[in-house]
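First comes the structure, then the notes that go with it.
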Amino acid sequence: MISMSVFYYILKLSVCLIIVWLFYQLVLRRLTFYTWNRWYLVVCTSLAFLLPLINIAPVLKKYNWNKTGLVTAIPRIPDYSPVNVAIPEPALSERLLTWLPYIIITGALVMLTRLLVQYVSLLAMRRSSQLILNGPVKVYQVDRPVIPFSFGNAIYINQHLHEEEELKEIIRHEFIHVKQRHTIDIIWSEAICILSWYNPFSWLLRKAIRQNLEFIADQQVLKTGLDRRQYQYLLLKVIGVPTYSIASNFNFKSLKKRIAMMNKVK
1 MISMSVFYYI LKLSVCLIIV WLFYQLVLRR LTFYTWNRWY LVVCTSLAFL LPLINIAPVL
61 KKYNWNKTGL VTAIPRIPDY SPVNVAIPEP ALSERLLTWL PYIIITGALV MLTRLLVQYV
121 SLLAMRRSSQ LILNGPVKVY QVDRPVIPFS FGNAIYINQH LHEEEELKEI IRHEFIHVKQ
181 RHTIDIIWSE AICILSWYNP FSWLLRKAIR QNLEFIADQQ VLKTGLDRRQ YQYLLLKVIG
241 VPTYSIASNF NFKSLKKRIA MMNKVK
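Quick note: the sequence shown uses this note's numbering, first residue 1, plus one each step.
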């Protein structure tokens, strides 16, 4: 039955995502190996969607691993087999399982529509902005109050809101996002929430991915020799609400954690 297959897949996927987030939160997040953390978050969340599709039962049976203490200790999900029971209508749980695929798809479509609306809005803003630097990395002047951000190979700023020295450091920060193609990670984090919007750990992983990207950019900026305290003051000065969730914003919400990680010993 398709609905039961969907239910089992969702259950396994949820367990995988929980494990990925817990290991990151308890072990990796406090470390300063941000690039390694980046690959862990991207690769392991990708595997979380693939592993539930693999049937390991034949392998366990071939090597008699299915009788080991560890495997037998794991609760087994029973195979679904409909039982003929004389009841006037299906039980509530069966009706919910029947509608489960449609509920998941509807939620995913809503989340996908939200993402597309943001992307179209971003394109509209780009058309109304002035290109002030044309090259491998493009810089656009936005004539409205926005927090500096980047998406793809473009950086968006309002140069009238910042002093010249501040603009240099802001552009340097966003340039790192562009150079290291952080937009790919952000789009993947949005895809995780689209495909498993019902799982709160998907949203926690989305936050972790975006937060780690800011750790990377901050670390790279400080490696250029910029004074740590001066850079932190700049972060505190550029305060506001991010314009687009699909973009890398200069001032991320978890500013306190960013400053703490900057001051942490490697």
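For glycine and all other residues, C-beta sits at the position ideal for the given N, C-alpha and C.
Fair warning: this is a prediction, and the values are worked out from it, not measured in the lab.
Asked	Found
Straight-line Cα distance separating residue 193 from residue 88	Annotation note: pLDDT 47 at residue 88 (below 50); position unreliable, coordinate value reported separately. Taking the straight line joining both Cα atoms gives about 38 Å.
Best match in 4, 22, 33 and 10 for proximity to residue 213 [C-alpha to C-alpha]	33
Inter-residue Cα distance where the pair is residue 159 and residue 117	26 Å
C-beta atoms of residue 132 and residue 140 nearer than 8 Å	yes
Beta carbon of residue 16 nearer than 8 Å to that of residue 53	no
Best match in 237, 207 and 225 for proximity to residue 25 [C-alpha to C-alpha]	207
Three-state secondary structure assigned by DSSP to residue 198	coil
Close beta carbons around residue 42, own chain, < 7 Å, minus the five adjacent residues each side	185 and 188
Simplified DSSP state of residue 46, which is helix, strand or coil	helix
DSSP-derived helix/strand/coil call for residue 139	strand
C-alpha gap between residue 234 and residue 169, whole angstroms	9 Å
Residue span of the alpha helix (DSSP H) that contains residue 159, given as start and end	Residue 159 -> no alpha helix (DSSP H), and no H or E assigned at all.
Bridge partner(s) assigned by DSSP for residue 131	140
Reference residue 190; option with closest CA among 31, 108, 220 and 175	108
Extent of the continuous beta strand (DSSP E) to which residue 151 belongs	149 to 151
Paired residues, beta bridge with residue 248 - DSSP	150
Where the alpha helix (DSSP H) through residue 228 begins and ends	228 to 237
Proximity below 8 Å, CB of residue 166 to CB of residue 150	no
Contact belief for residue 182 with residue 248 at Cβ below 8 Å, rounded distance in angstroms	5 Å
Residue-level contact to chain B via CB, residue 232, 8 Å cutoff	Any reference to chain B falls outside this structure, which holds one protein chain only.
Residue burial classification, residue 85 (beta-carbon count within 10 angstroms, cutoff 16)	Any reading at residue 85 needs caution, since the residue's pLDDT is 45, under 50, leaving its predicted position unreliable; the model's value is listed next. Flag for residue 85 reads exposed.
Whole-angstrom distance between residue 230 and residue 138, CA atom to CA atom	26 Å
Exposure of residue 218, with buried meaning 16 or more beta-carbon neighbours within 10 Å	buried
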